[in-house]
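Novice:
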Amino acid sequence: MTDMPQTGRSVLLEVGGALAPLFHSAITDLDLDEDIAMLGLQIAAFVVGKAGEDSASQMIRELKRIERNLPNATVVVVLNQYAGNPEDTILYCEDNTRKAFLSAVKRYPVIRMPKVNPRSMAIYERLQVLPSTVVSWHADNYAEAIRRTGGHRDDGKILVKDIAEWSGIMQDKIGRILPFLTGGGDG
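Each residue of the sequence shown is one higher than the one before, counting from 1 in this note's numbering.
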């Protein structure tokens with residue numbers, strides 16, 4: 001972390017579920033925000049919400065923790081439409097949850113993560129590879145995609161196409177909100 005200003009490198013740290021309280025304890029115990037400010041680092045916190053009241057409550061709780069523990073972070077709300085549209089389902093949630101959720105999507109930049117073809121998503125999750133790896137499989141005439149899916153060429157092509165489309169959409173959306181991540185800004 002201390003070399004990041006000189007190297008221009010960044011770190012992606014994914015924290016979710018049961019690890020979130022542990023992560024925030026470490027931030028406060030180490031006074032990480034002080035180090036981040038001293039080094040002049042940019043922190044982008046992507047907080048994901050899915051359809052459903054439990055997910056909305058978790059998202060709201062995580063936003064409050066980040067506001068408290070990393071007050072200089074750029075916060076982005078990511079609404080994952082994998083299990084439905086969170087903005088539609090929030091209408092049926094308890095008043096307090098609904099109001100806090102709607103306030104959050106007004107306060108912070110929002111990325112709406114599109115749903116991927118369910119079959120392709122199921123295959124992709126089993127593969128445990130980066131989207132860029134799947135996208136690269138078109139270069140060998142889909143041989144790796146065919147091998148990994150155990151299917152036919154058409155199955156491999158559909159998987160690569162679906163993940164490439166989703167990845168392109170997400171890169172574009174992230175780049176619009178945080179241009180420094182895509183080389184479009186200074187940072």
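Glycine residues also receive a C-beta, built at the ideal position from the N, C-alpha and C atoms.
Whose C-alpha, out of K161, M170, S132, I60, is nearest the C-alpha of R107?
Specialist: R107 has its Cα closest to that of I60, out of K161, M170, S132, I60.
Novice: Should the region 89-101 be called in touch with the region 118-137, which here means at least 3 C-beta pairs below 8 angstroms?
Specialist: With a cut-off of 8 angstroms, the region 118-137 and the region 89-101 do not count as touching, because too few Cβ pairs lie within range.
Novice: Please classify R148 as buried or exposed, where buried requires at least 16 neighbouring CB atoms within 10 angstroms.
Specialist: R148 is buried by the Cβ-count criterion.
Novice: Locate the beta strand (DSSP E) running through V77, then write down its first and last residues.
Specialist: Counting along the chain, the beta strand (DSSP E) containing V77 begins and ends at 74-80.
Novice: Considering only C-alpha positions, which residue in the set G175, D172, N141 is nearest to V160?
Specialist: Residue N141 is the option with its Cα nearest to V160.
Novice: Check this for me: beta carbons of L63 and V47, under 8 angstroms apart or not?
Specialist: Closer than 8 angstroms, so yes.
Novice: Between which two residues does the alpha helix (DSSP H) holding I174 run?
Specialist: First-last of the alpha helix (DSSP H) with I174: 153-177.
Novice: Return helix, strand or coil for G49, following the three-state DSSP convention.
Specialist: Strand, per DSSP.
Novice: Please report the straight-line C-alpha distance between K173 and P21, rounded to a whole angstrom.
Specialist: About 28 angstroms.
Novice: Can you look up A83 in the DSSP assignment and give me helix, strand or coil?
Specialist: Coil, per DSSP.
Novice: Can you tell me where the alpha helix (DSSP H) holding I146 begins and where it ends?
Specialist: Segment 143-149, the alpha helix (DSSP H) holding I146.
Novice: If you count every other CB in all the chains shown that lies within 10 Å of the CB of M38, and 16 or more means buried, which is it?
Specialist: The residue is exposed, with fewer than 16 neighbouring Cβ atoms inside 10 Å.
Novice: At a threshold of 7 angstroms, does R126 count as lining the ligand FAD (C-beta to nearest heavy atom)?
Specialist: As far as ligands go, the structure on display features none, and thus does not contain the ligand FAD.
Novice: By the 10 Å Cβ neighbour count, where 16 or more other Cβ atoms means buried, how is L91 classified, buried or exposed?
Specialist: Classification for L91: exposed.
Novice: Kindly identify the DSSP beta-bridge partner or partners of M113.
Specialist: According to DSSP, M113 bridges with N80.
Novice: One question on the structure: do I177 and V76 come within less than 8 angstroms of each other, judged by their Cβ atoms?
Specialist: In contact: I177 and V76 (Cβ atoms closer than 8 angstroms).
Novice: Measure the alpha-carbon distance for A143 versus P114 and round it to whole angstroms.
Specialist: A143 and P114: Cα-Cα distance of roughly 27 angstroms.
Novice: Work out the CA separation of G151 and N85 for me, nearest whole Å.
Specialist: Looking at the two C-alpha atoms, the distance is approximately 31 angstroms.
Novice: Name, in chain order, the residues that DSSP records as bridge partners for A56.
Specialist: Answer is none; A56 lacks a bridge partner.
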